[in-house]
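In this note's numbering, the protein residues as written are 549 to 788.
From the three backbone atoms N, C-alpha and C, an ideal C-beta is built for every residue, glycine too.
Okay, so here's the structure we're looking at.
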Amino acid sequence: MNNRHYDSIAMIYDHLMSRIDYSGWSEYLYDLYESFGVEEKLPLELASGSGKLSRKLLSHFSKIVCSDLNLKMLKINGNKNLLKVNCDMRRLPFKREFGFIYCTFDSFNYLINREDVSLVLKQIGSLLKSEGLFTFDVSLEANSIKNIGILNRSGEYKGIKYTQTSNYNTDSRYHSNIFKLIFPDGSKKYESHTQKIYAFNEYFDIIDNLELYVSECFEFFTFKDANPDCERVQFILRKR
Ligand SMILES: C[S@@+](CC[C@H](N)C(=O)[O-])C[C@H]1O[C@@H](n2cnc3c(N)ncnc32)[C@H](O)[C@@H]1O
């Protein structure tokens, strides 16, 4: 794939996420941070993409570490107060502890086998300060079923035509999104993303054996207890 096309996929993907209310989302995360009495000067975001959410959180923190597997995503929209680290959350390179770690917008669903979920959580258990807080949201089956219609979409951005084809398989519980890009010169590029839609209770089973425990699990964007029928839930993990 040439570099121009590779950059374009990240750009279109980032564009599709620009419709998200990152201001509201960041305030919700900050409310969680405050209500659990955490104190941290330098939070860490995992799977930050281009850092849209952390950019909003800079109204509360002077610097934030943003990390993501995709270097092209990280390079979009630089900000000197977002310290960007290109890494896989399954192999975190950090040598210091953090008091506030977060991972948002279904990024955990990109961990498509339970061993990887467990591996990431084990590392976070080692990286988290003793009074720290790790929070992440996950998409559940109700979300995949409800939103499959709007995720099948097409459009044009900066002269590049794109189509997103989304499919959820209720047997395998894999949710795939295939992005097709057509460039002004007629050339095409495809990229496929797969997410695993774990059952609500699977997360509790995995976390049961770890150094972390589930302090709360909320229906997304609220402080109400979550249940298996929710579309998206927010886990709050702390150290045992
Ligand atoms: C749906 S996007 C969310 C990005 C960002 N959290 C946001 O809300 O804008 C999912 C992100 O997860 C990243 N990702 C997927 N697997 C990853 C992994 N194993 N380690 C780190 N990042 C990963 C992708 O590169 C992508 O940027």
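Less than 9 Å separates the beta-carbon of K611 from that of L631. Distances from the CB of C635 to the heavy atoms of ligand 1 include at least one below 8 Å. When DSSP states are grouped into helix, strand and coil, E750 belongs to the helix group. The beta carbon of F748 sits closer than 8 Å to the beta carbons of L688, A774, N775, P776, C778 and V781 from its chain, once the five residues preceding and following it are set aside; these are given in chain order. By the C-beta density criterion, V762 is exposed, having fewer than 16 other C-beta atoms within 10 angstroms.
Inclusion of L659 in the 8 Å shell around ligand 1 follows from its C-beta lying nearer than that to a non-hydrogen atom of the ligand.
With a cutoff of 8 Å, G572 does not count as near ligand 1, since its C-beta is closer than that to no heavy atom of the ligand. Per DSSP, N695 is one residue of the alpha helix (DSSP H) stretching across E689 to L699. When the Cα atoms are used, Y650 and G707 turn out to be separated by approximately 34 Å. In terms of side-chain proximity, the C-beta atom of K600 is found nearer than 8 Å to a non-hydrogen atom of ligand 1.
For L590, no alpha helix (DSSP H) segment is defined, and its DSSP state is neither H nor E.
Taking a contact to require three or more Cβ pairs closer than 8 Å, the segment 634-652 and the segment 670-678 qualify as touching. The DSSP-derived three-state label of S763 is strand. Linking C614 to I730 through their CA atoms gives a straight-line distance of about 30 Å.
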